[in-house]
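First the structure, in the form of structure tokens, and then the observations on it.
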Amino acid sequence: MEAVHPVNEKSQAQTRIPGEPGIWAFVAGDLLVFSLFFILIAIGNQEQGDVFSSARSTLDLRFGLVNTLLLLTGSFFVAIGVERYRLNDGRDNRIWFRLAILSGVIFLINKLFEWNAKVSDGLTPMTNDFYMYFFVFTAIHAIHVFVGVVILSFLHKKSQAPFTREAQRGLESGAIFWHLVDLLWIMLFALFYLV
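Using my numbering, read the sequence shown as starting at 434 and increasing by one per residue.
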């Protein structure tokens, strides 16, 4: 007869991959699709360097910087919220999810102001390839942000429930999606505003 030994929870937690397996499959697929977008932008920049450089100079870097800070700050808030839930220390962790939701909503509002300013200046997806890519790919990203805000709303609600491992994995999966949104934006920010 074999002796049963308790599982060392600390070592198990250190080796466990956060989230559900499905979120990682989604992340891989989304990264693949966005990689194609990034390649298209790079090819366009290579083939139409003057057009892209001229168009890039019409972007207001402040919009991009503010949005980058908003998403990174939102990710920080999400990470704290998930960690607070995991610690199960009785503190109200919902504030962190509220702050992350707020950062996502402000990102979307800021993006709308930026798009409106471009359209008011006569710059549309029909202007040139740079602006076609800019509007289409940032719109696809904005849809990701919107979905992320919806997911964060569910995380906010879920974080109110008593701690369970299953709920923890759900919170981690939502956080992983939000961090993906950040990663995608950082790449778009670099390719559109900085390169």
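Even for Gly, the Cβ is constructed at its ideal location relative to N, Cα and C.
Note that the structure is a prediction, hence the values are computed from the model and not measured.
- In the displayed model, valine 628 falls within coil according to three-state DSSP, outside both helix and strand.
- Taking the Cα positions, glutamate 547 is about 10 Å away from phenylalanine 568.
- Taken atom to atom, the span from the alpha-carbon of leucine 503 to that of glycine 537 is near 7 Å.
- DSSP places proline 454 in the uninterrupted alpha helix (DSSP H) bounded by 454-480.
- Listed in chain order, the non-local C-beta contacts of glycine 477 below 7 Å within the same chain comprise Phe485, Asp562, Phe563, Tyr566, local neighbours out to five positions each way being set aside.
- By the CB criterion at 8 Å, leucine 585 and valine 460 fall outside the cutoff.
- Where methionine 620 is concerned, the enclosing alpha helix (DSSP H) starts and stops at 598-622.
- Put simply, of Glu605, Met559, Leu492, Gln479 the residue whose alpha carbon is nearest the alpha carbon of isoleucine 513 is Glu605.
- Looking at the backbone, the Cα of asparagine 526 and that of valine 511 are separated by about 10 Å.
- Under the criterion of beta carbons closer than 8 Å, isoleucine 534 and valine 582 qualify as touching, at roughly 6 Å.
- Classified as buried, leucine 624 has 16 or more neighbouring CB atoms from the shown chains inside 10 Å of its CB.
- With distances taken between CA atoms, phenylalanine 530 lies nearest to Gln593 out of Thr448, Gln593, Leu465.
- The alpha-carbon of threonine 560 is positioned some 26 Å away from that of valine 578.
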